[in-house]
Amino acid sequence: MMKAIPAFLWRSPLLLLAVAPLHAAPPLPPLRFLVVDGHGMPLAQPRTGTAGQRSALGPGIIKKWQDALAAELGRTPVNLVLPRKRQDQAVANRQVDLRCFVSPEWLPAELAAQYEWPQAFMEVEERIIGNADAAPVQRMADLHGKRIGTVHGYQYRKLAPLFDAGSAWRDDAPSEAALLAKQLAGRTDVSVMRTLDFAYLKLHDPRLARLALAPLAVSRFSLYCARTHYSSVTLAQLQLAQQRLLQGGILEKILQSYR
112 MMKAIPAFLW RSPLLLLAVA PLHAAPPLPP LRFLVVDGHG MPLAQPRTGT AGQRSALGPG
172 IIKKWQDALA AELGRTPVNL VLPRKRQDQA VANRQVDLRC FVSPEWLPAE LAAQYEWPQA
232 FMEVEERIIG NADAAPVQRM ADLHGKRIGT VHGYQYRKLA PLFDAGSAWR DDAPSEAALL
292 AKQLAGRTDV SVMRTLDFAY LKLHDPRLAR LALAPLAVSR FSLYCARTHY SSVTLAQLQL
352 AQQRLLQGGI LEKILQSYR
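Numbering (this note's numbering), first residue to last: 112 to 370.
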């Protein structure tokens, strides 16, 4: 027969802990990523949301990396896809935890100060895209008198003196794919593009065999996942999660799937 537990033992803290019901820890809040609208592949496939607005994040490098980062942090990812003009207001309204694939060099100092910046997780290069049958652009002087295809909203600091002096002309397109289409049609002489994007687009469009990367690099920059000051993810947690993913080769696997 089972003996009764003496009354004095019921008051023991250890026994109370042993018989107390176990409660699961409350779920962590979702991880809210801010994403600029208008990306193309391989970064993100455009996807139309309600009322024809491009408000959803489609497949691509951005989604795969952010999904992996959220999983590493034990969170559910939520992607807030907004035009550039509405992004700062979303941060001010405390709607954002992380903003990835961004550089502090792209932001005015007062906006960059709204974030904490861990170590960069990715390096990107922009180069001149020329016609395959033309002499390659090797130095800035080779761009004099050229109409240069650029993406609307992007900054090209190395080319700014040429544009300001009227030595070359900037010709904007809404996306990287549209940029190359204008060059193929003869509306621009050369284009500026991330090498990552050009390699992907050339792989999927045989017409782009008529174009080639030139030796001249316009910019090299680091990409970050910046943390808002009010984010529920600490800078140390973010840095550690990034480090584990990079050491595990996750980013390289993601990039390799689009090469």
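A virtual CB, placed ideally from N, CA and C, is assigned to each residue, including glycine. This one's a predicted model, so the numbers in the text were calculated from it and none came from an experiment.
Legend entry - Identity of the residue in L168, K293 and A328 nearest R318 by Cα: Taking the sequence shown and counting its residues from 1, the one referred to as residue 318 is at position 207. Closest by alpha carbon: K293.
Inset, instruction - Check whether the Cβ atoms of S330 and K269 lie closer than 8 Å to each other. - result: Mapped onto the sequence shown, residue 330 falls at position 219. Mapped onto the sequence shown, residue 269 falls at position 158. Yes, the pair counts as a contact, with Cβ atoms nearer than the cut-off.
Legend entry - Cβ shell of L314 (< 8 Å), same chain only, five flanking positions each side left out: Start at 1 with the first residue of the sequence shown, and residue 314 comes out as number 203. Close CB contacts of L314 within its chain, under the 8 Å cut and outside five residues either way in sequence, are with R370 (chain order).
Legend entry - Contact set for G163: own chain, Cβ-Cβ below 6 Å, skip 5 residues either direction: Within the sequence shown, residue 163 is the residue found at index 52, counting from 1. At G163 the pLDDT is 45, less than 50, meaning the model places this residue with poor confidence; the figure from the coordinates comes in the next sentence. Setting aside the 5 residues that flank it on each side, G163 has no residue in the same chain whose C-beta is closer than 6 Å to its C-beta.
Inset, instruction - Consult DSSP for W176 and reduce its assignment to one of helix, strand or coil. - result: Here residue 176 refers to the residue found at position 65 when the sequence shown is read from its first residue. In this structure, W176 counts as helix in the three-state DSSP scheme.
Inset, instruction - Could you tell me the distance, in whole angstroms, from the CA atom of F212 to the CA atom of A245? - result: As a first step, residue 212 is located in the sequence shown; it is residue number 101 there, counting from the start. As a first step, residue 245 is located in the sequence shown; it is residue number 134 there, counting from the start. Their backbone Cα atoms lie some 33 Å apart in a straight line.
Inset, instruction - Assign N371 to buried or exposed, taking buried as 16 or more other Cβ atoms, counted over all protein chains shown, within 10 Å of its Cβ. - result: With the chain covering only 112 through 370, there is no way to say anything about residue 371.
Inset, instruction - Give me whichever residues DSSP pairs with S333 in a beta bridge. - result: To locate residue 333, count along the sequence shown from 1; it is residue 222. Looking at the DSSP assignment, S333 forms a beta bridge with E234.
Inset, instruction - Could you give the DSSP three-state label for P141: helix, strand or coil? - result: Walking along the sequence shown from the start, residue 141 turns up at place 30. Residue state, collapsed to three classes: coil.
Legend entry - Nonlocal neighbours in the same chain, by C-beta distance under 7 Å from L324, ignoring five residues either side: Position 213 of the sequence shown, counted from the first residue, corresponds to residue 324. Closer than 7 Å at the Cβ level, and outside the excluded window around L324, lie R238, I240, T306 and F309.
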